[in-house]
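2 protein chains.
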Amino acid sequence: MRSRQTIEFVNKPRIIATGTIAGPKECAGVVGKYVDKALLDDKFGESTYEKAECKMLTFAISQTIENAALQEKDVDMLVSGDLLNQIISASFAARDFDVPFLGVYSACSTMSEGMAIAAAFINAGYAKRVVAATGSHFSSAERQYRYPLELGNTRPPQAQWTVTGAGGALIADTGSDIAITHATFGKVVDFGITDVNNMGAAMAPAARDTIIRHLKDTGRTPDDYDLIITGDLGALGSRILKDLTWEKGVDIQKNHVDCGEIIYNVIEKEFQGGSGAGCSAVVVNSYIFEQLKRRKLRRVLFAATGALLSTVSSGQGESIPCICHAVAIENV
Amino acid sequence: MRSRQTIEFVNKPRIIATGTIAGPKECAGVVGKYVDKALLDDKFGESTYEKAECKMLTFAISQTIENAALQEKDVDMLVSGDLLNQIISASFAARDFDVPFLGVYSACSTMSEGMAIAAAFINAGYAKRVVAATGSHFSSAERQYRYPLELGNTRPPQAQWTVTGAGGALIADTGSDIAITHATFGKVVDFGITDVNNMGAAMAPAARDTIIRHLKDTGRTPDDYDLIITGDLGALGSRILKDLTWEKGVDIQKNHVDCGEIIYNVIEKEFQGGSGAGCSAVVVNSYIFEQLKRRKLRRVLFAATGALLSTVSSGQGESIPCICHAVAIENV
Chain A
1 MRSRQTIEFV NKPRIIATGT IAGPKECAGV VGKYVDKALL DDKFGESTYE
51 KAECKMLTFA ISQTIENAAL QEKDVDMLVS GDLLNQIISA SFAARDFDVP
101 FLGVYSACST MSEGMAIAAA FINAGYAKRV VAATGSHFSS AERQYRYPLE
151 LGNTRPPQAQ WTVTGAGGAL IADTGSDIAI THATFGKVVD FGITDVNNMG
201 AAMAPAARDT IIRHLKDTGR TPDDYDLIIT GDLGALGSRI LKDLTWEKGV
251 DIQKNHVDCG EIIYNVIEKE FQGGSGAGCS AVVVNSYIFE QLKRRKLRRV
301 LFAATGALLS TVSSGQGESI PCICHAVAIE NV
Chain B
1 MRSRQTIEFV NKPRIIATGT IAGPKECAGV VGKYVDKALL DDKFGESTYE
51 KAECKMLTFA ISQTIENAAL QEKDVDMLVS GDLLNQIISA SFAARDFDVP
101 FLGVYSACST MSEGMAIAAA FINAGYAKRV VAATGSHFSS AERQYRYPLE
151 LGNTRPPQAQ WTVTGAGGAL IADTGSDIAI THATFGKVVD FGITDVNNMG
201 AAMAPAARDT IIRHLKDTGR TPDDYDLIIT GDLGALGSRI LKDLTWEKGV
251 DIQKNHVDCG EIIYNVIEKE FQGGSGAGCS AVVVNSYIFE QLKRRKLRRV
301 LFAATGALLS TVSSGQGESI PCICHAVAIE NV
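Going down the list, the protein sequences come from chains A and B. So the first sequence is numbered by my numbering: it starts at 1 and just counts up by one. So the second sequence is numbered by my numbering: it starts at 1 and just counts up by one.
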């Protein structure tokens, strides 16, 4: 058995600020009163959805730096990625900042992957202040991964709704009492799911793998966490995860919640809830971070999952490999 | 001025082995006698070019581990990415290994980005053995980024030819006398080039930025390096880089060479030479690594560049943002 998927950050890198923005549909829900900017227009004044997505991500990065009372020149590195082909939202957002840029991709687990890398760099003393950020947009994701919106395709009941929003976190060597204490890097897990509308079922096994590995590596139990929060499994995927971990003798029923399941108020066309890299980026960096600041939450395991497919891999008959990267965020 | 783009790895992580594979056209050139496997069939027995690309990358990772006389279970992490949408070659290759996977994307600078992250993790003691790998395939890149091959489009003289090949490096805390001593992480640089057939011109300013930053941060001069090797600027891009650095008072004329410029024997349809993430992955991990082992090269600055565009960004009128990540590889 591999024993070192989990890194303990002895220097306890801190999350000193976050910055978030979300679309109108998202802001009708729980995150509405916590985000820095609630969009009324999901095109954000741009001519295309892709440009709107990039502008949201740029905003989230800027706002994160501003909320930390810092300036661009104080930031040593930007770690970002997104769902668009060639992570153009992140790359074009990074163009606006005079900061070294590390492009990452792990689909909807980009937020936790980015936080993990940022914390790893801070902990090692390679950098003092790193911004990790990501986002997504319903309309750009739909037309890239599925169908043009104009087609008005029917959505199956297991489908989720890509979140329009972006979020960032500024991780530093000092400056707050909220720390990233551990990162657990996931392995690719593929249970053979081929239904591209059933991401929750595809990703749940990856979440189980990383969460259980994290608990074993740290000697902790689910009860050691106030919350074990996944990124965008959705309602169905969250239920599958609870069952899958329970089968392995780990009971997370009481304290597991999924960002996708809680982000929308009204269960309507979004069916199983929210998805996309922006889903956990918005929820964790607004609502959850606020609860941590208020000490209503003391210790959270943030385990975002990603479905590593493309339209080409699906078109060539492949199943959906998934991954989950987790970070432990704690009041210290 | 930012002062800390460059990390010095005091523990000197070692490259203990590499693994490479390349297509028939590539193996007619300088890398032919150094790669572990020279393909006769660029489909590698697969039904699609994308599957062939993934199989090459999987081979490169396996071969790297084998060449290090190690087994999969000895590897703590895989850092990989590629040019295909949603980095499916890397993700699907990672599925075959029971190893934590860090997905990265910086287009054709993925090899140096991966080596830099791997070295950073080893140097900090987070891992003992990490594989960094990437690859590309002419035919999958053509149909994703440009036109279907069946169209038989004419190529302009400034065009390059995407390398069919993959390479990996195993970076460890000990085990050889070839070390990664520094990493310089690049910023996104955009000089407003919009011609997607002129990547060399688009990427050269990013290479200049990172190379000059590296020299300043380390207090070194070009003469301190036997070779300053870029990834896939091509013949024209390489000339532009020499001019651009010279303008800034840094003369790299004598010791700069580009992997894309040297990979092909015959200047024919590939015009400016090779490109793609696989270009530097193959050249550096075969030919260059061999020269380092034989001590014909003692100190190399490997500065691969990436063009961070997509067909969507170009279609929406955007220019081409570029990046360059550099690692110093030395006999110690």
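We put the CB at the ideal spot given by N, CA and C, even for glycine. In this text the structure is predicted, and so the values were computed from the model without any measurement.
Contact with chain B by residue i, beta-carbon distance below 8 Å
| i | result |
| --- | --- |
| A/GLU53 | no |
| A/SER310 | yes |
| A/GLU50 | yes |
| A/MET77 | yes |
| A/PHE289 | no |
| A/GLY276 | no |
| A/SER106 | yes |
| A/ARG2 | With a pLDDT of 48 at A/ARG2, under the threshold of 50, the modelled position of that residue is not reliable, and the figure given next carries that caveat. Yes - at least one Cβ of chain B is within 8 Å of the one on A/ARG2. |
| A/LYS187 | yes |
Counted within 10 angstroms of its Cβ, other Cβ atoms place residue i as buried (16 or more) or exposed
| i | result |
| --- | --- |
| B/GLU247 | exposed |
| A/THR245 | buried |
| A/GLY273 | buried |
| A/LEU39 | buried |
| A/VAL284 | buried |
| B/MET1 | In this prediction, B/MET1 has a pLDDT of 39, which is less than 50 and means its spatial position is unreliable; nothing more can be read from the coordinates. |
| B/GLU342 | Nothing in the structure corresponds to residue 342 of chain B, since chain B is present only between 1 and 332. |
| B/GLY81 | buried |
| B/ARG208 | buried |
| B/SER47 | exposed |
| B/GLN63 | buried |
| B/ASN198 | buried |
| A/VAL10 | exposed |
| A/LYS254 | exposed |
| B/PRO13 | buried |
Beta-carbon proximity list for residue i, same chain, < 8 Å, skipping 5 on both sides
| i | result |
| --- | --- |
| B/VAL99 | GLU72, VAL75, ASP76, MET77, LEU78 and VAL131 |
| B/VAL196 | TYR145, ARG146, LEU309, SER314 and ILE320 |
Residue range of the beta strand (DSSP E) that includes residue i
| i | result |
| --- | --- |
| A/PHE349 | The structure shown does not extend to residue 349 of chain A, since chain A is modelled only from 1 to 332, so the question has no answer here. |
| A/ASP351 | Since the first and last residues shown for chain A are 1 and 332, residue 351 of chain A lies out of range. |
| B/PHE302 | 299–307 |
| A/GLY200 | Counting along the chain, A/GLY200 falls outside any beta strand (DSSP E), though it belongs to the alpha helix (DSSP H) covering 199–218. |
| B/ARG14 | 14–22 |
Proximity test, residue i beta-carbon vs the ligand ATP heavy atom, cut-off 7 Å
| i | result |
| --- | --- |
| A/GLN253 | Absent from the structure shown: the ligand ATP. Ligands present: none. |
Cβ shell of residue i (< 6 Å), same chain only, five flanking positions each side left out
| i | result |
| --- | --- |
| B/PHE271 | PRO157 and ALA159 |
| B/ILE15 | ALA169, ILE171 and ILE178 |
| B/SER286 | THR20, VAL31, TYR34 and VAL35 |
| A/LEU215 | none |
| A/PHE101 | LEU78 and ALA94 |
| A/SER91 | none |
| A/LYS293 | none |
| B/GLY278 | GLY135, SER136, VAL163, GLY165 and ALA166 |
| A/TYR49 | HIS137, SER139 and SER140 |
Start and end residues, alpha helix (DSSP H) containing residue i
| i | result |
| --- | --- |
| A/ASN123 | 110–123 |
| B/PHE191 | Where B/PHE191 is concerned, there is no enclosing alpha helix (DSSP H), given that its DSSP letter is neither H nor E. |
| B/ILE240 | 234–247 |
| B/LEU57 | 49–67 |
| B/ALA93 | 88–95 |
| A/GLU290 | 289–293 |
| B/SER280 | 277–283 |
| B/ARG4 | Per DSSP, B/ARG4 belongs to no alpha helix (DSSP H) and is neither H nor E. |
Test: residue i CB closer than 8 Å to a CB of chain A
| i | result |
| --- | --- |
| B/LYS296 | no |
| B/LEU84 | yes |
| B/PRO13 | no |
| B/ALA328 | no |
| B/LEU102 | yes |
| B/ARG239 | no |
| B/ILE380 | Residue coverage of chain B in this structure runs from 1 to 332, which leaves residue 380 of chain B outside it and unanswerable. |
| B/SER91 | yes |
| B/ALA127 | yes |
Chain-order list of residues whose beta-carbon lies under 7 Å from that of residue i (same chain, five-residue window excluded)
| i | result |
| --- | --- |
| A/ASP96 | THR58 |
| A/THR218 | THR6 and HIS182 |
| B/ALA17 | THR64, ASN67, ALA68 and LEU170 |
| A/GLU261 | GLY234, ALA235, SER238 and GLY273 |
| A/ALA141 | LEU83, THR162 and GLY276 |
| A/ALA204 | LEU233, GLY237, ILE240, LEU241 and LEU244 |
| A/ALA249 | At residue 249 of chain A the sequence reads Gly, which differs from the Ala that was named. Same-chain partners within the cutoff: there are none. |
Inset, instruction - Evaluate contact between the region 314–325 of chain A and the region 141–153 of chain B, counting only Cβ atoms and requiring at least three cross-stretch pairs below 8 Å. - result: Contact annotation: the region 314–325 of chain A does not touch the region 141–153 of chain B, with fewer than three C-beta pairs closer than 8 Å.
Legend entry - At least 3 beta-carbon pairs within less than 8 Å: the region 130–144 of chain B vs the region 49–56 of chain B: By the criterion of at least three beta-carbon pairs nearer than 8 Å, the region 130–144 of chain B is in contact with the region 49–56 of chain B.
Inset, instruction - Decide if the region 224–242 of chain B is in contact with the region 118–132 of chain B; the criterion is three or more beta carbon pairs, one per stretch, under 8 Å apart. - result: For the pair of segments examined, the region 224–242 of chain B was found not to touch the region 118–132 of chain B: the number of CB pairs separated by less than 8 Å stays below three.
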